[in-house]
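Presented below is the structure to which this report refers.
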Amino acid sequence: RKSNLLLLLAQERLKAIATTPSQASSASMTIFVLITCCFSFASALVTPGAFLNASGLASAEAGPIVTIPLDKQYVPVRRNDRIVSYKTAYFGTIHLGLPRQQPFTVVFDTGSAHLFVPSGKCNTETCMRHRRYARNDSATAVDIDHDGQPIKKNATRRDQVNIAFGTGEVTGEFVRETVCLAPHADVSENALVAPGQREKDCTELRVILASEMTKEPFMTFEFDGVLGLGLESLAVDPEFSFFGQMARLNGLKEQSFGYFLSRVDAVPSEISFGGVDSKRLASPLEWVPVHRPDMGYWQLKLLSVTIANETLPLCTDGDCVAIADTGTSLLGAPRGVAQRMHWLLARKVPDNPSEIDCRTFPGPDLIFQLEGGVNVTLGPEDYSRATGMRVLNNKTNSSQLICRASLLPVDDGEVLGPKAFILGEPALRKYYTAYDWKRQRIGFGLSVQPKHGDVPEGEPRHTIYGAPPPEAPT
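Sequential numbering of the sequence shown, starting at 6, is according to the numbering used here.
So this is what it looks like as structure tokens:
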């Protein structure tokens, strides 16, 4: 699978189309956006809390305006009629439209920059599996074309966008809508959008309404859509950027969001907007500036990659990058070094047991040295696949159990280049990450992970779909 990152050439092509004069009302335009992606198979609670300021110290003066618990889904990967591993996805609930809010579950994806949900016009089997947006139930919706102009009353056709994924495709139309991170009961549309009265968790946004969704991957997963949290320059237009709109229109004191992945299903993962949830931090945040923010990715300069005291020669020129991507379930490495990394991280298990959880078996550290002297250090409990791989020796008619890393080869591309690494779920689970929109930087701090069996009081409710048995598949 590949990370969910917008291809630059397609983005520039889309920007060029979007700046052309609008077509006649009877005409329609199809815009093609290519996205290489397979998702990381990645109700709101308003909470007080402390925010970690620029120095990394906790401050009680500010905190997240909203913290959203994330549901989790396991999807089994089968080979020869056996479950060999699980894909995972994390998603939370947002709300579209007023005064009757419509809830949708979305993957909060730092590798893309647009929001899409299924349209009520889509009657395919795939769309019917999910919640669909009811246009007539919203008093705040405005039908628009690709350039943001309202649709004329006598228009007979609509502009469309075609989003091609690595494993699927979405086609949709455009609407300008009020999007909220928390439910608001019995509130009129005017109360939320009037100057000086805007709820901090709501903003006006251009949304893509999917009229077609392919079965793969959308029949497999429970989430309805994707909310992109990439930097504003990744969006086709600034009005598509959710957090950009929040920062611009809502007067947030802290223009940041924080992401926490829980190791224990009983305690939910979460995303916090408008600050950082300090109770999830075990150490102060260490900040790394975004490298080339004009590209739109949460991309960092990577100085070196070290495994078992061996430094990979790929980054000796100082031109490697690491991208923090909440939409990727694995670690990504350039194909040219992925095989070497696999070899260095692989471990033979002695005594050849019938089964083992490789996350508990010793192994070398994997160290990403980022700009500013910040190290992201992952141990075998972070990067290992739970299931070992049994290698057969036909000559001796014997087998050897090998523990492997959750590593994804990343192909060369005109967007990422040949030296791009992806910091996906294994890194984002060990480290709480804070995304500072205003200062364009990412903070890394060790996360406070609950122990198995711990269910702290007051944890927000969430749902686990398809939970595997306690034993790892073998």
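By construction, the Cβ of each residue, glycine as well, lies at the ideal position given by its N, Cα and C atoms.
Alpha helix (DSSP H) segment containing residue i, residue limits
{"i": "residue 336", "result": "First-last for residue 336: 336-339, but that is the beta strand (DSSP E), not the alpha helix (DSSP H)."}
{"i": "residue 430", "result": "430-435"}
{"i": "residue 220", "result": "220-223"}
{"i": "residue 252", "result": "247-254"}
{"i": "residue 131", "result": "130-133"}
Residue i - containing beta strand (DSSP E), residue span
{"i": "residue 388", "result": "Residue 388 -> not in any beta strand (DSSP E); alpha helix (DSSP H) instead, spanning 385-388."}
{"i": "residue 291", "result": "291-294"}
{"i": "residue 204", "result": "Unbroken run through residue 204: none, as it is neither H nor E."}
{"i": "residue 1", "result": "The requested residue 1 is not part of the displayed model; the chain covers only 6 to 479."}
{"i": "residue 325", "result": "325-329"}
{"i": "residue 182", "result": "174-185"}
{"i": "residue 264", "result": "261-265"}
{"i": "residue 276", "result": "274-278"}
{"i": "residue 415", "result": "412-415"}
{"i": "residue 394", "result": "394-398"}
{"i": "residue 87", "result": "87-101"}
{"i": "residue 163", "result": "Careful: residue 163 lies outside any beta strand (DSSP E) and carries neither H nor E."}
{"i": "residue 445", "result": "Unbroken run through residue 445: none, as it is neither H nor E."}
{"i": "residue 107", "result": "107-114"}
{"i": "residue 149", "result": "147-149"}
{"i": "residue 258", "result": "No beta strand (DSSP E) contains residue 258, which DSSP labels as neither H nor E."}
{"i": "residue 309", "result": "304-312"}
{"i": "residue 375", "result": "371-375"}
Distance CB(residue i)-CB(residue j) smaller than 8 Å
{"i": "residue 109", "j": "residue 276", "result": "no"}
{"i": "residue 336", "j": "residue 455", "result": "no"}
{"i": "residue 389", "j": "residue 364", "result": "yes"}
{"i": "residue 98", "j": "residue 234", "result": "no"}
{"i": "residue 180", "j": "residue 152", "result": "no"}
{"i": "residue 184", "j": "residue 120", "result": "yes"}
{"i": "residue 354", "j": "residue 308", "result": "no"}
{"i": "residue 71", "j": "residue 187", "result": "yes"}
{"i": "residue 290", "j": "residue 450", "result": "yes"}
{"i": "residue 75", "j": "residue 274", "result": "yes"}
{"i": "residue 279", "j": "residue 69", "result": "yes"}
{"i": "residue 210", "j": "residue 244", "result": "yes"}
{"i": "residue 331", "j": "residue 255", "result": "no"}
{"i": "residue 101", "j": "residue 182", "result": "yes"}
{"i": "residue 343", "j": "residue 409", "result": "no"}
{"i": "residue 568", "j": "residue 428", "result": "In this structure the chain extends from 6 to 479, so residue 568 is not present and cannot be described."}
{"i": "residue 319", "j": "residue 424", "result": "yes"}
Cβ neighbour criterion (16 or more within 10 Å) applied to residue i
{"i": "residue 356", "result": "exposed"}
{"i": "residue 26", "result": "Its pLDDT being 32, under 50, residue 26 is placed unreliably by the model, and the measurement read from it follows with that caveat. Counting Cβ neighbours within 10 Å, residue 26 comes out exposed, since fewer than 16 surround it."}
{"i": "residue 84", "result": "exposed"}
{"i": "residue 338", "result": "buried"}
{"i": "residue 43", "result": "For residue 43, the predicted model reports a pLDDT of 37, less than 50, meaning its position is unreliable; a value from the coordinates is still stated below. Under this definition residue 43 is a buried residue."}
{"i": "residue 394", "result": "exposed"}
{"i": "residue 378", "result": "exposed"}
{"i": "residue 86", "result": "exposed"}
{"i": "residue 154", "result": "exposed"}
{"i": "residue 323", "result": "exposed"}
{"i": "residue 475", "result": "exposed"}
{"i": "residue 190", "result": "exposed"}
Cβ-based neighbour list, residue i, same chain, cut-off 8 Å, excluding 5 preceding and 5 following
{"i": "residue 447", "result": "292, 293, 295, 303, 305, 329, 438, 439, 440 and 441"}
{"i": "residue 136", "result": "107, 108, 109, 110, 122, 123 and 229"}
{"i": "residue 452", "result": "265, 266, 285, 286, 287, 434, 435, 436 and 437"}
{"i": "residue 421", "result": "10, 326, 328 and 415"}
{"i": "residue 380", "result": "372, 373 and 374"}
{"i": "residue 224", "result": "130, 131 and 134"}
{"i": "residue 340", "result": "414, 415, 416 and 417"}
{"i": "residue 142", "result": "102, 105 and 107"}
{"i": "residue 358", "result": "406"}
{"i": "residue 367", "result": "352 and 385"}
{"i": "residue 301", "result": "11, 16, 118, 235, 236, 237, 238, 239 and 240"}
Cβ-based neighbour list, residue i, same chain, cut-off 7 Å, excluding 5 preceding and 5 following
{"i": "residue 91", "result": "79, 80, 81, 82 and 473"}
{"i": "residue 4", "result": "Past the edges of the chain, shown from 6 to 479, lies residue 4, and the structure says nothing about it."}
{"i": "residue 248", "result": "234, 262 and 442"}
{"i": "residue 125", "result": "137, 138, 139 and 140"}
{"i": "residue 216", "result": "124, 126, 127, 176, 177 and 178"}
Residues near residue i in its chain [Cβ-Cβ closer than 6 Å; skip 5 each side]
{"i": "residue 174", "result": "219"}
{"i": "residue 132", "result": "123 and 218"}
{"i": "residue 382", "result": "370 and 372"}
{"i": "residue 77", "result": "95 and 469"}
{"i": "residue 205", "result": "70 and 255"}
{"i": "residue 467", "result": "74, 76 and 273"}
{"i": "residue 376", "result": "293 and 306"}
{"i": "residue 250", "result": "208 and 210"}
{"i": "residue 445", "result": "295 and 298"}
Residue i: CB within 7 Å of a non-hydrogen atom of the ligand COA
{"i": "residue 157", "result": "As far as ligands go, the structure on display features none, and thus does not contain the ligand COA."}
Does the region 366-377 come close enough to the region 309-316 to have 3 or more Cβ pairs within less than 8 Å? yes
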